[in-house]
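For reference, the structure discussed in these notes is given below.
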Amino acid sequence: MTAVHPRPASAGGPGQRARRARSALRTLGFLSPWLIGFCVFFAYPLVSTVYFSFMRYDGFAPPTWVGLKNWTYVFADYPFFWPALRNTLWLVVVMVALRVVFGLGVGLLITKIKTGAGLFRTLFYLPYLAPPVAATVAFVFLLNPGTGPVNTLLARAGLPEPGWFNDPAWSKPSLTLLALWCIGDLMVIFMAALLDVPKEQYEAAELDGAGPWQRFRHVTLPNISPIVLFAAVTGVIATMQYYTEPLVAAKVASGVIGGSGQQFEPGYPDRSTLTVPQTVYNLGFQRFDTGAASVVALVLFALAMVFTALLMRRRSGFMPAED
Amino acid sequence: MTSMTGLTLSAPKERAEAAGARRSARRRAALEWIAVHSLAVAAALFFILPFVFVFLTAVMSDDQALTRDLWPRTWEWGNFATVWNTPGFLTWWRNTLLYAGLGTVLAVASSLPVAYALAKFRFRGRNLAMMLVIAMMMLPPQVVVVPMYLFWAKQLDLAGTLWPLIIPFAFGNAFTIFLLRQFLLTIPKEYTEAARIDGCGELRTLVRIVLPMAKPAIAAVALFHFFYCWNDYFGPQIYASENPAAWTLSYGLESFKGAHQTDWNLTMAATVLVMAPVIIVFFFAQKAFIEGVTLTGVKG
Chain R
0 MTAVHPRPAS AGGPGQRARR ARSALRTLGF LSPWLIGFCV FFAYPLVSTV YFSFMRYDGF
60 APPTWVGLKN WTYVFADYPF FWPALRNTLW LVVVMVALRV VFGLGVGLLI TKIKTGAGLF
120 RTLFYLPYLA PPVAATVAFV FLLNPGTGPV NTLLARAGLP EPGWFNDPAW SKPSLTLLAL
180 WCIGDLMVIF MAALLDVPKE QYEAAELDGA GPWQRFRHVT LPNISPIVLF AAVTGVIATM
240 QYYTEPLVAA KVASGVIGGS GQQFEPGYPD RSTLTVPQTV YNLGFQRFDT GAASVVALVL
300 FALAMVFTAL LMRRRSGFMP AED
Chain Z
0 MTSMTGLTLS APKERAEAAG ARRSARRRAA LEWIAVHSLA VAAALFFILP FVFVFLTAVM
60 SDDQALTRDL WPRTWEWGNF ATVWNTPGFL TWWRNTLLYA GLGTVLAVAS SLPVAYALAK
120 FRFRGRNLAM MLVIAMMMLP PQVVVVPMYL FWAKQLDLAG TLWPLIIPFA FGNAFTIFLL
180 RQFLLTIPKE YTEAARIDGC GELRTLVRIV LPMAKPAIAA VALFHFFYCW NDYFGPQIYA
240 SENPAAWTLS YGLESFKGAH QTDWNLTMAA TVLVMAPVII VFFFAQKAFI EGVTLTGVKG
């Protein structure tokens, strides 16, 4: 990482060389915290993960080379890998899509509110602040089939009472509901984008006789499409890491938090809330199978980086500005 | 509105038509007001009712919490005291504050110079460095957790403490670097260049000129980081779960539920006590928050 000077290097005398060296040192100095962090907390563990993916290692006996055994084990024999991948993909498709649509809808609603806009904005934003563990525990309570207020209200209205977090068919929709409740971040981003749409374009469309839907379709959407894409891709990346909510929901709903002698069934009910990041924990910290955990970690890494590359290609704002 | 175009016309018949159009426009506006605000109220119920039900259950008696009642018959404010006095609850508080407080100070202090260099210095490899920052930001923590755990537990013997979570923040945090850089890009070059011409070194420029201008952004970024730590569950689960003395609120809340299987009222009281600080801080720092969210989104 040497400094680049506007003038060609050949023109420099010894004084300039000294200045260049100083400026390179200065850059290095400013970057040094991150350079160390990058090496120790990113590059080293990544390389180490690749290494361990070819090793058999239980954390005690020295690691031994096993070739591709961990890879075949994960893809062919590990019972949680494919269900976890399927669940993660389900969440990536359904949860992210619904969150973007709902976030845009709430953002639009906020921009249209004339009376009490500030109050409504605060109320809509609040759930996003709830710590994920607290929000998940709260939702498992609200939706619990025995005494939960939601099913109580449904029963009073004569409607069917789903099993929510205790029913494999309903557990992911329940998690999606929780994710929609915490829409505050997307709401604010969409709200800012919507307010940036030039007013003249709406006025012009209105003079041309465009109805509300046409105005939305031909003025709003084209203007905010970069933000929609940003929300979708960051949503996908966040969903790849989706860990706390499904795990806590499964633990609380199953009633097994991992006390003495109780074995928690990962992905309760019926593996329906198991996600890929959870399998890293299951393999590495419950089965002490470092090799297989590393394989899943690398799969997760590849997935995350594909979408990150997509994000960087499509969003110039993410890249350094040229000056 | 649309009716305004009719105002310039003056023939009596047309004027009457214009008045009619104006009236219908006003009616449409009124209808739209009603539609928008009913939707807003419905949405507000969706966002707020969960808090309300959690709170109402938190103040129910043990017996009533086992029923399907929605409204507390007696208000058991003592539930909050019971939770507060649970062995460990104060320790979780202290640990969470230590993790979030110290972690945030370290992350902001170590990320600011990096963000400044990425935003204002010209050097070969800057684009690459920026791409690597983004890659680190997007990296799921689970990808590197196995070697990192071995590193902290086997080499440094720090398992069962929160230090493996706090120490890395002294070496820059990718998300913090990214957000601060986004903000620093918006500071005009003229300020830093004027300082340079006056013979100010880069470090002094950063501290004397840039830091005061960046205060709102730093506040937003610090808040974000604080809440990231406050909410973190995976980190404490990996490093602190084996030692209850190192548990945080997020991790402790889950175990609290485990210890009070059927007492939804106490679990909800604990939930309220975990949510409350974040919401109280929000009301004091609302502007910084919203600024921070928009900073993540769009500015480039």
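For the protein sequence lines, the chains are R and Z, in the order given. Residue numbers for the first sequence follow numbering that gives the first Met the number 0, so the first one is 0 and each next one is one higher. Residue numbers for the second sequence follow numbering that gives the first Met the number 0, so the first one is 0 and each next one is one higher. Where a beta carbon is used, it is the ideal one built from N, C-alpha and C, also for glycine.
Just confirm the distance between the C-beta atoms of residue i and residue j, as a whole number of angstroms; I'd bet it's less than 8 Å.
i, j, result
"F79(R)", "R214(R)", "48 Å between Cβ atoms; not a contact."
"Y115(Z)", "V209(Z)", "6 Å"
"P243(Z)", "G87(Z)", "6 Å"
"V220(Z)", "T191(Z)", "About 20 Å; that fails the 8 Å criterion."
"L265(Z)", "V82(Z)", "6 Å"
"P148(R)", "L141(R)", "6 Å"
Pick out whichever of the options has its Cα sitting closest to the Cα of residue i.
i, options, result
"A245(Z)", "A193(Z), L210(Z), L161(Z) and M130(Z)", "L161(Z)"
"Q154(Z)", "F59(R), L153(R), A20(R) and R98(R)", "F59(R)"
"D231(Z)", "A231(R), W180(R) and Y241(R)", "Y241(R)"
"T95(Z)", "T270(Z), F282(Z) and S249(Z)", "S249(Z)"
"R98(R)", "D184(R), L152(R), S47(R) and L194(R)", "D184(R)"
"H36(Z)", "T238(R), P148(R), I256(R) and L118(R)", "L118(R)"
"Q236(Z)", "V196(R), N281(R) and L194(R)", "N281(R)"
"V139(R)", "G28(R), K111(R), R155(R) and P172(R)", "P172(R)"
"G36(R)", "V220(Z), R123(Z), P167(Z) and T175(Z)", "P167(Z)"
"F120(Z)", "T26(R), V93(R) and A204(R)", "T26(R)"
"Y227(Z)", "Y98(Z), T73(Z) and G200(Z)", "Y98(Z)"
"A108(Z)", "T146(R), P32(R) and L176(R)", "P32(R)"
"M59(Z)", "E199(R), I109(R), T146(R) and T274(R)", "T146(R)"
Any beta-carbon of chain R closer than 8 Å to the one on residue i?
i, result
"E16(Z)", "no"
"P215(Z)", "no"
"K256(Z)", "yes"
"H36(Z)", "yes"
"R27(Z)", "no"
"I302(Z)", "The structure shown does not extend to residue 302(Z), since chain Z spans only 0 to 299, so no value can be given for it."
"M267(Z)", "yes"
"L65(Z)", "yes"
"L69(Z)", "yes"
"Y39(Z)", "Note on identity: in this sequence residue 39(Z) is Ala, with Tyr being the wrong assignment. So yes, A39(Z) belongs to the interface."
"L252(Z)", "yes"
"P163(Z)", "no"
"W263(Z)", "yes"
"A80(Z)", "no"
"P187(Z)", "no"
Would you kindly work out how many angstroms separate the C-alpha atoms of residue i and residue j, rounded to a whole number?
i, j, result
"F164(R)", "L30(R)", "46 Å"
"L183(Z)", "A216(Z)", "9 Å"
"E75(Z)", "K256(Z)", "19 Å"
"W32(Z)", "A116(R)", "12 Å"
"W91(Z)", "P276(Z)", "14 Å"
"V206(Z)", "R195(Z)", "13 Å"
"V298(R)", "T63(R)", "22 Å"
"A39(Z)", "T114(R)", "10 Å"
"T272(R)", "T48(R)", "25 Å"
"L45(R)", "N222(R)", "39 Å"
"P13(R)", "R19(R)", "10 Å"
"R14(Z)", "A137(R)", "60 Å"
"A106(Z)", "H224(Z)", "8 Å"
"V113(Z)", "L101(Z)", "19 Å"
Give a yes or no on whether 8 Å exceeds the smallest Cβ distance from residue i to chain B.
i, result
"A219(Z)", "Given the protein chain composition of this structure (R and Z), no chain B is represented."
Output yes if chain Z places a C-beta closer than 8 Å to the C-beta of residue i; else output no.
i, result
"Q15(R)", "no"
"W180(R)", "yes"
"G162(R)", "no"
"L309(R)", "no"
"T289(R)", "yes"
"G254(R)", "yes"
"G36(R)", "yes"
"F300(R)", "yes"
"Q200(R)", "no"
"Y280(R)", "yes"
"R25(R)", "yes"
"M239(R)", "yes"
"Y267(R)", "no"
"F140(R)", "yes"
The ligand ZN and residue i: does any heavy atom of the ligand fall closer than 7 Å to the residue's C-beta?
i, result
"A291(R)", "Ligands displayed in this structure: none; no statement on the ligand ZN is therefore possible."
- Check distances from the C-beta atoms of the segment 193-204 of chain Z to those of chain R and list, in chain order, the residues that come in under 7 Å. E201
- For the segment 135-152 of chain Z, which residues have a beta carbon sitting closer than 9 Å to at least one beta carbon of chain R? M135, M136, M137, L138, P139, P140, Q141, V142, V143, V144, V145, P146, M147, Y148, L149, F150 and A152
- Within 8 Å of chain R by C-beta, residues of the segment 103-130 of chain Z in sequence order: S109, S110, P112, V113, Y115, A116, L117, F120, R121, F122, R123, G124, R125, N126, A128, M129 and M130
- Identify each residue in the segment 228-249 of chain Z for which the Cβ-Cβ distance to at least one residue of chain R is less than 9 Å, and report them in chain order. W229, N230, D231, Y232, F233, Q236, I237, S240, L248 and S249
- For the segment 105-127 of chain R, which residues have a CB atom closer than 7 Å to at least one CB atom of chain Z, in sequence order? V105, L108, K111, I112, K113, T114, F119, L122, F123, L125 and P126
- Query: the segment 146-174 of chain R: which residues have C-beta closer than 7 Å to a C-beta of chain Z, in chain order?
  - Reply: T146, P148 and T151
- Task: Anything in the segment 50-63 of chain R with a Cβ closer than 8 Å to a Cβ of chain Z? List those residues in chain order, please.
- Result: F51 and G58
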